[in-house]
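A short write-up of the structure that comes next.
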Amino acid sequence: MSDGRRTSPRSNAFIFGQLHPGSEGAPVECMVWDISSDGAMIEVPDQDAVPDRFSLTLPEDDAPRNATVIWRTGRRLGLRF
1 MSDGRRTSPR SNAFIFGQLH PGSEGAPVEC MVWDISSDGA MIEVPDQDAV
51 PDRFSLTLPE DDAPRNATVI WRTGRRLGLR F
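As structure tokens, this is what we get:
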């Protein structure tokens, strides 16, 4: 899936991850719909509980990824790593 704005192709993920907003709040569970080396699309229970910057932990990663929200639509968010 490519829309011209992405610098690397995304692949379907369908895995659960966890957002860590730091000192701002408790971790938030999320569904990762698709992911690439540069970003991801996730779904969260409440987008208002997610800050613009956070770390994202995924089961297959050795270390959390620093993420920035680049768009929000309903409960889905686009991230840049």
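All residue numbers for the sequence shown refer to full-length UniProt numbering, where the first residue is 1 and numbers rise by one.
Beta carbons are placed, not taken as given, at the ideal position from N, Cα and C, and that holds for glycine.
- Cα atoms of Pro64 and Ile15: separation of roughly 15 Å, rounded to the nearest angstrom.
- Counting along the chain, Ser55 sits inside the beta strand (DSSP E) bounded by residues Arg53 to Thr57.
- Distances from the alpha-carbon of Glu29 to those of Leu79, Leu56, Arg72 and Gly78 put Leu56 closest.
- Inclusion of Leu58 and Ala67 in the CB contact set at 8 Å is not warranted, their separation being larger than that value.
- In this structure, Val69 lies away from Asp48, with their beta-carbon atoms at least 8 Å apart.
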